[in-house]
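Working notes, beginning with the structure itself.
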Ligand SMILES: [Zn+2]
Ligand SMILES: [Zn+2]
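Residue numbers (this note's numbering), protein chains in the order written: chain A, 25 to 631; chain B, 25 to 631.
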C-alpha cells in the first residue's frame with residue numbers, strides 16, 4: 025500500500041477529461057493494481073478484523089469512486105473524451121475495470137457493504153450499453169483479458185444476467201475476422217488519436233489470444249497471464265451456461281499447458297522477452313521467465329476448472345504451483361519479490377538482464393504486477409482448500425486450519441492438523457452438531473505412491489473409494505470422528521519428457537509437493553557439473569538458516585576435479601578425474617534467501 | 025559482386041557534400057564492404073589470371089577513387105562537410121578507409137600497379153594531418169577498430185613511417201580518460217549534428233574496447249570483430265616497434281580468448297544481441313552467435329601473433345577456426361552463408377529469431393559483412409599455409425598445393441600432397457636447384473597424440489626436434505627429398521572445462537581438426553537425449569550425400585524410449601526405458617546441407 029501511494033496511484037484516478045492543449049498526458053502502467061490491492065485487503069479483513077486496514081480500504085475505494093466519471097467510466101490514465109474505449113487493444117480499460125469489479129465483489133463479500141459494488145455495477149452497466157452486437161455498439165474486446173471472469177463474479181454476486189451475457193459476448197467476439205483490433209487501429213489513425221502500434225497481424229494478435237475465435241483455439245499461445253485470465257473466464261461461462269464445447273476448449277488448453285508447457289515448479293510462460301508461452305517442451309531453465317503472476321493465474325485457471333469437475337489433475341497443479349513457483353516469488357520476509365522464477369541461476373549471466381530478472385528478491389517497485397497478485401492469492405487461500413457440493417465436503421489442499429460450515433442445516437467443523445508440506449501425515453477431526461451422512465472427499469496427491477487412510481484407526485481401502493484422484497470417505501459422521509491420512513514423502517527423482525531438450529540426462533528432486541534445488545552456498549560453484557550417482561539414497565535433515573525450519577536433502581554425487589589438467593585449458597581429450605561428493609538440496613521456494621549465487625533444479629544423473 | 029552492385033554501393037560513393045536543405049541523407053550500412061571485395065578479388069587474380077575479374081576490379085577501384093574528395097576523404101554515406109570525422113564513435117569512417125587501404129595494398133601486391141595505392145596514401149596523409157596530439161588535431165580514434173592494422177599494412181607496402189606512427193597513435197589514445205567519445209558526443213549535441221547516442225558510459229564504451237587504455241586491458245570484452253581487429257593491429261605495432269609491453273597485452277587477450285571464451289569450433293562472441301564476448305566459460309550452444317566474421321577475425325589475430333612468435337598455439341587455433349566455424353559459415357555451393365554458427369539448433373526455437381540466425385544458409389543479403397570477409401580469407405589462404413624466417417621454411421597448415429620461393433638465392437619448391445583434413449598423412453617433396461641447408465619446420469597439430477615423421481623413409485625423433493609445437497627438420501636438402509608426416513586421426517571425445525555449464529556431462533567428437541555434430545536427418549528428433557555409451561568404439565565411413573565425399577562417424581549410444589509412459593505426461597518419477605542405438609555424426613561444417621532440422625555438437629556421455 026505504501027508503495028502504491030508513493031507512486032501516486034491515488035491521484036491517478038482524479039483527472040478531468042484531457043484535451044490536446046494540455047499537451048501529452050502522463051502515462052502510467054499501474055492499470056488494475058489498485059483494484060488488486062483492495063481485493064486482497066478485503067480478503068484479509070474477511071478473515072480477521074483489522075480496523076486500520078479497513079480504514080485504508082475505504083480510502084482507496086473512495087478514491088476510486090471519486091474518480092469515476094458520471095456515466096460510470098473509470099481509468100487511471102487521463103484521456104481525451106474521444107479516446108474512451110477507442111483503443112481496447114492497447115489501453116486495457118476493461119482490464120482495469122475488471123480488477124475494480126473483482127475488488128468490489130471481494131469487499132462486498134467481506135463486509136456486506138454494497139456501496140462499492142453498486143458503483144462498479146454502474147460501470148458494468150455502461151459496458152453493457154457500449155458493447156454488443158446492436159446498432160451503435162462496439163463489437164470489441166480488451167487487449168488484456170480479465171473482464172470476462174470479473175463479469176461472471178459480478179453476475180454471481182448480483183444475479184444480473186446482463187453481466188454474464190456481456191462476458192459471453194466478449195469471449196465469442198474474440199479473434200473473429202475481420203479483426204476488431206485491425207479496424208480499431210485504422211480508425212485511430214483516421215481520427216488522429218494516439219496508439220503504439222505494436223501489434224498488427226495475426227501472429228501478433230496471438231499474443232493476446234485474439235488470432236482466432238476462442239472455440240477454435242487449440243494451444244496456449246501468447247502472453248501467459250492473458251491466456252490464463254481469459255480461460256478462467258471461459259471456464260466460468262462454460263460452467264454456468266453448461267456449454268460443453270466451450271468447456272472442451274478449456275480442457276484442450278489446460279491439457280496442453282500441463283503436459284507440454286509447464287515447468288516442474290508450476291511456472292508457465294517460458295519466454296522472457298514476450299512474457300509468453302513458446303512451443304511444446306520448450307522449457308529453458310536459465311532463461312525461464314515463469315512470471316509469478318502467470319503462476320498465480322494458472323492457479324486461478326485450475327481452480328475454475330476444479331469447480332466444474334472435481335479431478336485432482338487440477339488441484340495437483342494448484343498445489344505444485346503454490347508451493348514452488350508462487351512461493352518462490354515472495355521472500356520469507358513477505359516484502360521482497362521475484363517476477364521471474366528461473367530454474368537455474370548463474371549470477372554473471374543475470375548481470376546482462378533487467379532488474380526483473382535479478383538474483384535476489386526486489387522490493388515492490390515500478391511495474392508492480394506480481395506483489396499485489398501474490399497478496400490477493402495468499403489472502404484468499406482459504407477458498408482454495410475446501411469446497412462443497414451436494415453431499416460432499418472436498419479437501420483439496422492440506423494445511424493446518426479449520427473449516428466451519430452449515431451443511432444442510434447441520435453445523436460441521438473440520439479441523440485439519442498437519443505439518444504439510446514437510447510431513448505427509450494429516451489428521452482431520454470431524455465435528456458435527458448431530459450425526460450426519462455425507463462424503464468427505466480427500467485429494468490423494470498425484471506425487472504420492474502409497475497413500476494410506478484410516479477412519480477412527482480403521483484402515484480404508486483407498487482403491488475402492490477413489491475417483492479422479494479423490495477418495496470419497498462416506499459414512500454417518502459423528503462428533504469426534506478422526507480421519508488419518510498418510511502420504512509418504514520419499515525423495516523422488518523426477519524425469520522430464522525426452523523432448524524437453526534442456527533436461528535430458530537430468531532429474532529434479534521432489535519430496536511431497538516440494539521441488540528442490542541446489543545452491544552455490546551449499547555446494548560450491550559449477551553446479552551444472554554435479555552428477556547424482558545414487559538415486560535411492562537420500563538423507564533428510566532439518567535446518568533453520570532461513571526464517572523458520574525446513575527440511576533439506578543430502579545425497580551422494582560426483583563432480584569433476586578442476587586440477588592442473590584444466591589450468592589454462594578449455595578443451596581436453598582425456599577423461600577428467602572425478603570425485604565423490606555429498607550435496608545438499610533445499611526447497612526451491614527457499615532459494616536465494618541466504619546469498620545470491622548459482623542455483624539449479626535439474627541435476628545431472630547417470631544410470 | 026552482383027549483390028554489391030544491386031545494392032547500389034557503387035553509387036554510394038558518388039555524392040556531393042550534403043546540406044540540410046536536401047533533407048535527411050540516405051544511410052547505408054555497407055561501410056567497408058566494397059574495400060573487402062576489391063581485396064579478396066585482388067588475391068584471386070594474384071593466384072590466377074582472370075581478365076574479366078581484373079576489369080571488374082578496375083571498375084570498382086575507379087568508382088572508389090572517383091568518389092574521393094579533393095583532400096582524399098572517402099566514405100559511402102553522404103555527409104555534410106561539418107560532419108567529417110565529427111562522429112567517429114558511430115560513423116566508422118576510419119573503418120571504411122581502413123578496408124580501402126587493405127584493398128589498395130592487396131591490389132598493389134597482386135598487380136604491381138600503384139595508382140590505387142597512391143590514392144589511398146592521399147587519404148592516409150589526410151588522416152595524418154587530422155589526427156594527432158598537435159594543435160588543431162583530433163585526439164580521436166574510430167568506434168570500430170580496423171584502421172590500425174590497415175595503416176601497418178600501408179606502412180609495410182610504402183615504408184612511410186607516418187602511417188605506422190598514426191596506427192600507434194590510435195592505439196595509445198584508445199580508452200584514455202577523459203573519454204574522446206564523451207567529448208565528441210557533447211560537441212555533436214552542441215553543434216546540432218546528428219548522432220544515435222547508443223553508447224554513453226564506460227560500460228558501453230567497453231563494447232568498442234574504449235573503456236580503458238589498451239595497455240591496461242586484460243579481458244576480451246565487447247564486440248568480437250572489433251576486439252580482434254584491434255588486437256591484430258596492436259600485435260603488428262608491437263612487432264614492428266619491438267614493444268614488449270604491448271605484445272604482452274596481446275598475449276593476455278589471446279590467452280583469455282582461447283582458454284575461456286572460444287567455442288570448440290573456433291567461434292567467438294557468444295552474445296547474439298551485442299555480437300560480443302560475454303564472460304568466462306559462458307558458451308551457450310543454442311544461443312551462440314559466433315559470427316562468421318568474428319571467426320575470420322580470430323584467424324587474422326592468430327596469424328598476426330604467429331608472425332611475431334612461431335608457436336603452434338596460434339596455428340592450431342587458425343586451423344580449428346578455419347575447418348569448423350568459418351567453413352560452417354559458407355555453403356558447399358559457395359553462394360550461401362551463415363552469419364551465426366550455433367552449436368545446437370532446434371528449428372522451432374529459431375523461428376523466434378532474426379534471419380541472421382536462420383536454420384539454413386542464406387544468400388548474400390542486406391548487411392553483408394560475413395560473405396565478403398569469407399571471400400577475402402579463402403582467396404588469401406595461401407599466405408597462411410607457409411611462412412619463412414632467416415633459415416626456416418614453416419609449414420603451418422596442411423593442404424594440397426605447392427610453395428615456390430627463392431630462399432637465399434636458391435629456388436626451393438615444396439610440393440604438399442595430402443588428403444587432409446580427411447586423412448592425417450602428408451607428403452612433402454622438396455625440390456631445390458642445388459643442395460642447401462635450412463630447416464623445414466612442420467607444425468605438429470595440437471589435436472595429434474602420436475605424430476610421426478620420416479625423411480626419405482628414415483624415422484625422425486620428433487621429440488628432440490620439436491619446439492613450441494613445430495618440428496624443425498634440419499639437413500642439407502637435396503632435390504627429391506621426401507618428408508612423410510603421419511598424424512593419426514582417431515575419433516576423440518572432447519570435454520569442456522567443468523565451468524562451461526552448458527557442456528557438463530557432454531563430449532564433442534573430434535577427428536583431426538574437424539569437430540563433428542549430430543543431425544536430425546541421421547538420428548531423428550530429440551538429439552539432446554542421445555547419450556554415448558562407448559567412448560572407444562567408433563566406425564568411420566565415407567558418404568557423398570553432400571557435394572564431395574566426406575567421412576562420417578558411427579557409434580553406439582542410448583536414448584530414452586518415448587512409449588505410453590510418456591503419453592500426455594511431462595514429468596515422471598520412474599526411470600524411463602532406454603534403447604541402444606547407432607548414431608551417425610558428420611563434420612560440423614557440413615551441417616544444414618541436407619535438411620533443416622535439429623543439430624548438436626555436444627553429446628551426452630556417461631562414463
Ligand atoms: Zn507480474
Ligand atoms: Zn559478419
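C-beta atoms are modelled at their ideal positions from N, C-alpha and C, and glycine is treated no differently.
Local Cβ density within 10 Å of residue i, reported as buried at 16 or more and exposed below that
i, result
"residue 367 (chain A)", "buried"
"residue 390 (chain A)", "Its pLDDT being 49, under 50, residue 390 (chain A) is placed unreliably by the model, and nothing is read from it."
"residue 632 (chain B)", "The structure shown does not extend to residue 632 (chain B), since chain B is modelled only from 25 through 631, so no value can be given for it."
"residue 616 (chain B)", "buried"
"residue 81 (chain B)", "buried"
"residue 632 (chain A)", "Limits of chain A in this structure are 25 at one end and 631 at the other, which puts residue 632 (chain A) out of reach."
"residue 458 (chain B)", "exposed"
"residue 355 (chain B)", "buried"
"residue 161 (chain A)", "exposed"
"residue 43 (chain A)", "exposed"
"residue 385 (chain B)", "buried"
Contact under 8 Å by Cβ, residue i with residue j
i, j, result
"residue 423 (chain B)", "residue 410 (chain B)", "no"
"residue 529 (chain B)", "residue 579 (chain A)", "no"
"residue 84 (chain B)", "residue 61 (chain B)", "yes"
"residue 584 (chain B)", "residue 605 (chain B)", "no"
"residue 98 (chain A)", "residue 121 (chain A)", "yes"
"residue 515 (chain A)", "residue 533 (chain A)", "yes"
"residue 15 (chain A)", "residue 374 (chain A)", "Absent from the structure is residue 15 (chain A), since the part of chain A shown begins at 25 and ends at 631."
"residue 187 (chain A)", "residue 175 (chain A)", "yes"
"residue 246 (chain B)", "residue 231 (chain B)", "yes"
"residue 124 (chain B)", "residue 104 (chain B)", "no"
"residue 420 (chain A)", "residue 476 (chain A)", "no"
Cβ-Cβ separation, residue j to residue i (assumed contact under 8 Å), whole Å
i, j, result
"residue 267 (chain B)", "residue 284 (chain B)", "Between residue 284 (chain B) and residue 267 (chain B) the Cβ distance is about 25 Å, and since that is not below 8 Å, they are no contact."
"residue 437 (chain B)", "residue 452 (chain B)", "With a Cβ gap of about 10 Å, residue 437 (chain B) and residue 452 (chain B) do not count as contacting."
"residue 556 (chain A)", "residue 577 (chain A)", "Going by Cβ atoms, the distance from residue 556 (chain A) to residue 577 (chain A) rounds to 11 Å, so no, they are not a contact pair."
"residue 552 (chain B)", "residue 525 (chain A)", "4 Å"
"residue 442 (chain B)", "residue 429 (chain B)", "Contact flag wrong, Cβ pair sits at about 20 Å."
"residue 347 (chain B)", "residue 613 (chain B)", "6 Å"
"residue 339 (chain A)", "residue 330 (chain A)", "6 Å"
Where residue i meets chain B, residues with beta-carbon distance less than 8 Å
i, result
"residue 513 (chain A)", "The premise fails here: residue 513 (chain A) is roughly 12 Å from chain B at the closest Cβ pair, so nothing lies under 8 Å."
"residue 522 (chain A)", "550, 553, 583, 584, 586, 590, 600"
"residue 593 (chain A)", "283, 521"
Interface partners of residue i on chain A, CB under 7 Å
i, result
"residue 366 (chain B)", "In chain order: nothing, as chain A lies at least about 13 Å away."
"residue 516 (chain B)", "597"
"residue 303 (chain B)", "372"
Amino acids of chain B, ordered along the chain, whose beta-carbon sits closer than 7 Å to that of residue i
i, result
"residue 370 (chain A)", "525"
"residue 528 (chain A)", "552, 553, 628"
"residue 373 (chain A)", "306"
"residue 322 (chain A)", "Those within 7 Å of residue 322 (chain A) in chain B number zero; the least Cβ separation is about 14 Å."
"residue 341 (chain A)", "Under the 7 Å cutoff, chain B gives no residues; its nearest Cβ is about 11 Å from residue 341 (chain A)."
Contact set between residue i and chain A, taken where Cβ atoms lie within less than 8 Å
i, result
"residue 334 (chain B)", "Simply none; closest approach about 20 Å."
Item to complete: Quick one: which residues of the segment 273–288 of chain B get their C-beta closer than 8 Å to a C-beta of chain A? List them in chain order.
Response: 279, 282, 283, 284, 286, 288
Discussion item. So if I threshold CB-CB distances at 9 Å, which residues from the segment 240–258 of chain B count as touching chain A?
Written reply: none
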